[in-house]
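Engineer:
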Amino acid sequence: MTPPHADGTWDALCAHWQTLSDLGGIGALLGWDQSTFLPAAAAEGRARQMALLSGIRHARMTDAEYGRLLDTAQARSDWTPVQARTLAVARRDFEEATRFPAAFVQAFSQHTGESYSAWVQARPQNDFARMVPYLDKTLDLSLQAAAYFPEFASPMDYFIDQSDEGMTAAVVDRVFAELRDALVPLVDAVAQAPAPRTDFLFRAYPVETQLRVGQDIARAYGYDVTRGRQDLTAHPFMTRLGDQDVRITTRVKERDVSEALYSTLHETGHALYEQGVAPELLGTPLGGGVSAGVHESQSRLWENLVGRSRAFWTAFFPTLRDAFPEQLADVTEDEMYAAVNAAQRSLIRTDADELTYNLHVITRYELERELLAGRLAVHDLADAWHAAYAANLGVRAPDDIDGVLQDVHWYGGGIGGAFQGYTLGNVLSAQFYAAAQRDLPGLESDLSRGDFAGLHGWLREHVYAPGGTYPPAELVERVTGEPMTVAPYLTYLRGKYGALYGVK
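Using the working numbering, you'd call the opening residue of the sequence shown number 0 and step up by one each time.
(1) Please report how far the alpha carbon of residue 340 lies from the alpha carbon of residue 452, in whole angstroms.
(2) Could you tell me the alpha carbon to alpha carbon distance between residue 101 and residue 16, rounded to whole angstroms?
(3) Identify which residue in 239, 201 and 87 has its Cα closest to the Cα of residue 25.
(4) Extract the residue ranges of the beta strand (DSSP E) inside the region 334 to 360, only unbroken runs of 3 or more that lie entirely within it.
(5) Could you give the C-beta distance for residue 314 and residue 446, rounded to a whole number, given that I count them as a contact under 8 Å?
(6) Between residue 243 and residue 163, what straight-line distance do the alpha-carbon atoms span, to the nearest angstrom?
(7) Looking at residue 295: is its Cβ nearer than 8 Å to the Cβ of residue 485?
(8) In chain order, which alpha helix (DSSP H) runs of at least 4 residues are fully inside the region 425 to 466?
(9) For residue 36, is the classification buried or exposed, using 16 other Cβ atoms within 10 angstroms of its Cβ as the cut-off for buried?
(10) Which term fits residue 154, buried or exposed, when burial requires 16 or more other beta carbons within 10 angstroms of its beta carbon?
(11) Name the residue from 368, 500, 47 and 403 whose alpha carbon lies nearest to the alpha carbon of residue 378.
(12) Ordered along the chain, which non-local residues of its own chain (more than five positions away) have a Cβ less than 8 Å from that of residue 57?
(13) In the DSSP assignment, what are the bridge partners of residue 237?
(14) Tell me the rounded alpha-carbon separation between residue 215 and residue 65.
(15) Assuming residue 382 is part of the alpha helix (DSSP H), what are its boundary residues?
(16) Tell me which residues share the same chain as residue 433 and place their Cβ nearer than 7 Å to its Cβ, disregarding the 5 neighbours each side in the sequence.
(17) Check residue 326 in the structure and name its three-state DSSP category.
(18) For the beta strand (DSSP E) that contains residue 198, what are its first and last residues?
(19) Is residue 417 near residue 408, with beta carbons less than 8 Å apart?
(20) Please report the Cβ distance between residue 426 and residue 483, rounded to the nearest whole angstrom; I am assuming they are in contact, meaning their Cβ atoms lie under 8 Å.
(21) Quick check: residue 218 and residue 235, are their CB atoms within less than 8 Å of each other?
(22) Using three-state DSSP, classify residue 503 as helix, strand or coil.
(23) So the candidates are 390, 266 and 291; which of them puts its Cα closest to the Cα of residue 160?
(24) Starting from the C-beta of residue 2, find all residues in its chain whose C-beta is less than 7 Å away, skip the five residues before and the five after it, and write them out in chain order.
(25) How far does the alpha helix (DSSP H) with residue 304 in it reach, from first residue to last?
(26) Would you report the Cα separation of residue 123 and residue 129, rounded to the nearest angstrom?
(27) Looking at C-alpha atoms only, which residue of 353, 227 and 347 is the closest neighbour of residue 399?
(28) Can you find at least 3 beta carbon pairs, one from the region 250 to 261 and one from the region 191 to 209, that sit closer than 8 Å?
(29) With distances taken between CB atoms, is the gap from residue 354 to residue 342 smaller than 8 Å?
(30) What's the gap between the Cα of residue 125 and the Cα of residue 326?
(31) Going by the CB atoms, is the gap between residue 268 and residue 308 shorter than 8 Å?
(32) Would you mind sorting residue 156 into buried or exposed? The rule is 16 or more other CB atoms within 10 Å of its CB.
(33) State the Cα-Cα distance for the pair residue 4 and residue 71, rounded to the nearest angstrom.
(34) Would you report the Cα separation of residue 465 and residue 287, rounded to the nearest angstrom?
(35) To the nearest angstrom, how far is the alpha carbon of residue 19 from that of residue 277?
(36) Could you check where the alpha helix (DSSP H) with residue 135 kicks off and where it finishes?
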């Protein structure tokens, strides 16, 4: 990426970006350890360490000499398009960072570390009251963060743009309204149809064997274990700890063979994206996934459009039956395919089927919007949660463990912009997959043989390698030939669940 007539400015910038990337990786390592192996008594000290590191990184991010380097670079016009985009993203990040006082950055980081640790203890005890003061402070800090950017029409617009560049609350609202109008009657129709057999999913499946099977499939997908590993956690996630260190986590239940499998496949999709970014972009502002929505499109594509497909189970049902011969002795491939695609109204977002999943996301998005607008108080959030679930999904949690305490996001981060990316990802997953099908005529046949190289290679070339080179909307149009649209996603859902349940 060295331009003609180089004067050392680009090299100096690359060195600075690598430092920022490495500091981010160290922070990710502390967070990964916090979620996997950290002793309970060490939580307070870990929050302090993470706050200290965030302050150090913020100081580097806002360094005056760094700003002068950006000024010098942007005064020139001989950069390549990729370099120009890198400089534009770096300038945006620099100017955003300089608006935040260092003390605010450290305070927010320390608070979220303490809040996460409190949530880990409060959730199993069904103790939302314990989390109210933490969430009150999180909401206050989130609103303070948004207030540094008055050019946005609302705090929600600011947070959405942070995770999905160029997206606004108005666009998300329109997408969600279109999905709700289409999905609610389809969910109603499926709920009235005979349910498939699922009893065998909940037999006793040895934990270690479950983990091994999931890891084997992740490697078959293309996950490079020389540049990553998998560990257990309460809430699965993927994280990049360094240029060549992309890790995944999962959770496992002995009496639910689908839990660890689909958690693993979901996080593998995220990891394939990060491992597929072009090497020359690593350590730069473009060296990762371009947005939350595009990132989520890959986790949902590999989890659902591939992992819950008929072709996938043609390839892997014999593998699963060999791993669990007693548990699956009376089960057919058809029954397994139907069971992992069973649709029903449920309480837990991360366990939800494809059909109802977006209603979980819409519920959270609308609650966030109400909190940020001041129309909902934190102490009323648990009741509002139950009411929203009754309205959107027709269910009510018996407690807060499976209600307002179930997701880590508000307790380990800010409030705002955390959830819309999941549904945008679902929409984009179908759009990207439809484009891959057009370019790869034998795709379904390949998948039914457990051959994922063609799909992985296509995604790596078109979606992964560019990293942040193109803004999200431009990437989508380059890859699929059209702007983001819900049509392929609705076509996919109607076709799949129409066939499974005999509904229209």
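Note that CB positions come from ideal geometry on N, CA and C, so glycine has one too.
Structural biologist: Let me spell this out:
(1) Using only the alpha carbons, I get a separation of about 24 Å.
(2) Within the model, the alpha-carbon separation for residue 101 versus residue 16 is close to 19 Å.
(3) The shortest Cα separation from residue 25 among 239, 201 and 87 belongs to 239.
(4) Within the region 334 to 360, no complete beta strand (DSSP E) run reaches 3 residues.
(5) About 7 Å; that satisfies the 8 Å criterion.
(6) The straight-line gap from Cα to Cα measures roughly 25 Å.
(7) Not in contact: residue 295 and residue 485 (Cβ atoms no closer than 8 Å).
(8) Taking only runs of at least 4 residues, the alpha helix (DSSP H) segments lying wholly in the region 425 to 466 are 442 to 447 and 452 to 458.
(9) It counts as exposed.
(10) By the neighbour-count rule (16 or more Cβ atoms within 10 Å), residue 154 is buried.
(11) Among 368, 500, 47 and 403, the Cα nearest to that of residue 378 belongs to 403.
(12) Within the same chain, and ignoring the five residues on either side of residue 57 in sequence, the residues whose Cβ sits closer than 8 Å to its Cβ are 96, 99, 101, 104 and 105.
(13) Residue pairing by DSSP places residue 237 opposite 247 in a beta bridge.
(14) Distance from the CA of residue 215 to the CA of residue 65, rounded to the nearest whole angstrom, comes to 44 Å.
(15) Where residue 382 is concerned, the enclosing alpha helix (DSSP H) stretches over 380 to 391.
(16) 487.
(17) Here residue 326 sits in coil by DSSP.
(18) No beta strand (DSSP E) contains residue 198, which DSSP labels as neither H nor E.
(19) In contact: residue 417 and residue 408 (Cβ atoms closer than 8 Å).
(20) That pair is a contact at about 6 Å.
(21) No, the Cβ-Cβ distance between residue 218 and residue 235 is not below 8 Å.
(22) Judged by DSSP in its simplified three-state form, residue 503 adopts coil rather than helix or strand.
(23) Residue nearest to residue 160 within the set 390, 266 and 291 is 291 (criterion: CA-CA distance).
(24) With a pLDDT of only 49 at residue 2, under the threshold of 50, the placement of this residue in the model should not be trusted; the figure read from the coordinates follows. Cβ neighbours of residue 2 beyond the five flanking positions: 9, 77, 78, 79 and 82.
(25) From DSSP, residue 304 is part of no alpha helix (DSSP H); its letter is neither H nor E.
(26) Looking at the two C-alpha atoms, the distance is approximately 12 Å.
(27) When each option's Cα is compared against that of residue 399, the closest is 347.
(28) Short answer: they touch.
(29) Going by C-beta atoms, residue 354 is nearer than 8 Å to residue 342.
(30) Looking at the two C-alpha atoms, the distance is approximately 33 Å.
(31) Against a cut-off of 8 Å, the Cβ pair of residue 268 and residue 308 comes out as no contact.
(32) By the neighbour-count rule (16 or more Cβ atoms within 10 Å), residue 156 is buried.
(33) The pLDDT assigned to residue 4 is 47, lower than 50, so where the model puts this residue is not dependable; a value taken from the coordinates is nonetheless given after this. Between residue 4 and residue 71, the C-alpha separation is close to 14 Å.
(34) Between residue 465 and residue 287, the alpha-carbon positions lie close to 9 Å from each other.
(35) Distance from the CA of residue 19 to the CA of residue 277, rounded to the nearest whole angstrom, comes to 18 Å.
(36) In the DSSP annotation of this structure, the continuous segment of the alpha helix (DSSP H) that includes residue 135 starts and ends at 127 to 146.
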